[in-house]
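Residues in the sequence shown are numbered consecutively from 0, following numbering that gives the first Met the number 0.
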Amino acid sequence: MISHAALCTISVVLFLTVRLVFADEEFKPPPAPPNLPELGAKIQRTMTLLATSTPQKRNRVR
Numbered sequence: 000m001i002s003h004a005a006l007c008t009i010s011v012v013l014f015l016t017v018r019l020v021f022a023d024e025e026f027k028p029p030p031a032p033p034n035l036p037e038l039g040a041k042i043q044r045t046m047t048l049l050a051t052s053t054p055q056k057r058n059r060v061r
């Protein structure tokens, strides 16, 4: 039976090895969404509706 410490050591060594193998690949950010200027346009309205909502008067936020 393999001990817990041995399993942890094997896991760490395997993780570091895989990380070194794939370290040469450069991260490419995803393309910008097509509606970039519209992102966040209604955040202020949403936050106001959430802040002013009460149990008696629930504001609907879509």
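Even for Gly, the Cβ is constructed at its ideal location relative to N, Cα and C. Values in this document were obtained by computation on a predicted structure and should not be read as measured data.
- Between the alpha carbons of Thr47 and Pro33 lies a distance of about 27 Å.
- Within the model, the alpha-carbon separation for Arg57 versus Leu49 is close to 9 Å.
- The three-state reading of DSSP puts Val60 in coil, since its state is none of H, G, I, E or B.
- Straight across, the Cα-Cα distance linking Val60 with Pro30 is about 29 Å.
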